Amino acid sequence: MKAVAYYRVSTAAQGRSGLGLEAQKEAVEAVCSAQGWELISPPFIEVESGRDSDRPELAKAIQRARVTGATLVVAKLDRLSRNAAFLNKLMDGKVPIRFADMPFADRFIVGIMAQVAQWEAEQIGKRTKEALKAARDRGQRLGNPHGAAALRRAGKGNAASLAVVKADAAERAEQLRPFILDMQARGITSLGALARALNDGGFVTARGGQWHASSVKNLVTRLSQAH
3 MKAVAYYRVS TAAQGRSGLG LEAQKEAVEA VCSAQGWELI SPPFIEVESG RDSDRPELAK
63 AIQRARVTGA TLVVAKLDRL SRNAAFLNKL MDGKVPIRFA DMPFADRFIV GIMAQVAQWE
123 AEQIGKRTKE ALKAARDRGQ RLGNPHGAAA LRRAGKGNAA SLAVVKADAA ERAEQLRPFI
183 LDMQARGITS LGALARALND GGFVTARGGQ WHASSVKNLV TRLSQAH
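In the working numbering, the protein residues as written are 3 to 229.
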């Protein structure tokens, strides 16, 4: 069987650095090797847009699979989508789809897993809103207007300026501690889910950027070391 690989990452930076991408590649390559599937190059890498309708690389991957008679292979169901209707539509298409973590799941099982994935996404959204409301009720300010300023102060790269950035990061971590603890208490514990919750809530990193699993890991580590 021929296989076309489709990978989906959160940001263009992750696509370039391999963060989040390597795990998907390893999963797809492992299942193809184990099952004797011929992996067609090159793979298709999508940068998340947040909209299922905006998937140019997925469209290309499906077209490649169609003309070569191949099967579309994805690392995990949620790398394709968390929207049950969208997933069901894809599964009903002419191109067969397999998932590395459940390569022999049939249409019925995938349909159930799609419903579960959508439910989990909705629950995360609900818990994020509840945690944000709790943060506002505590008078906690969202965002971090000083992140960019901290970077400018550290522009020369000297030790004193870098110390300022570290101090800002430590202060930022303490500001976010109540929110992180609240989210974890609500069942949102994975690094990726916490990153999405922070971004959805309007929180930025100490550098004024978006949160990713790696930056959340640093945040959680900093918080654990502080106590």
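Heads up, the beta-carbon is just placed ideally off N, CA and C, and yes, glycines get one too. Computed from a prediction, not measured in an experiment: that's the story for all the values here.
Boundaries of the beta strand (DSSP E) around Ile99: Ile99 to Phe101. In the DSSP annotation of this structure, the continuous segment of the beta strand (DSSP E) that includes Ala7 starts and ends at Lys4 to Val11.
In the same chain as His214, and ignoring 5 residues on each side of it, the C-beta atoms closer than 6 Å to its own belong to Ala197, in chain order. Straight across, the Cα-Cα distance linking Ala61 with Glu28 is about 23 Å. Between the alpha carbons of Ile126 and Val218 lies a distance of about 16 Å. With 16 or more other CB atoms across the displayed protein chains lying within 10 angstroms of its CB, Pro45 is buried.
Counting the other Cβ atoms within 10 Å of the Cβ of Ala169 gives fewer than 16, which makes it exposed. In the three-state scheme derived from DSSP, where H, G and I count as helix and E and B as strand, Ile190 is classed as coil.
When C-beta atoms of the segment 116-136 are compared with those of the segment 78-89, three or more pairs fall below 8 Å, so the two segments count as touching. Around the Cβ of Ala187, a 10 Å sphere holds fewer than 16 other Cβ atoms; the residue is exposed. Annotation for Val76: the continuous beta strand (DSSP E) segment containing it runs Thr73 to Val76. Judged by DSSP secondary structure, Ser83 falls outside any beta strand (DSSP E); it is assigned neither H nor E.
DSSP, read as helix, strand or coil, puts Val206 in coil. In this structure Phe181 is buried. Its beta-carbon is surrounded by 16 or more other beta-carbon atoms within 10 angstroms. Trp39 has its alpha-carbon roughly 13 Å from the corresponding atom of Phe101.
Each residue's CA atom was taken as its position, placing Val11 and Met93 some 21 Å apart.
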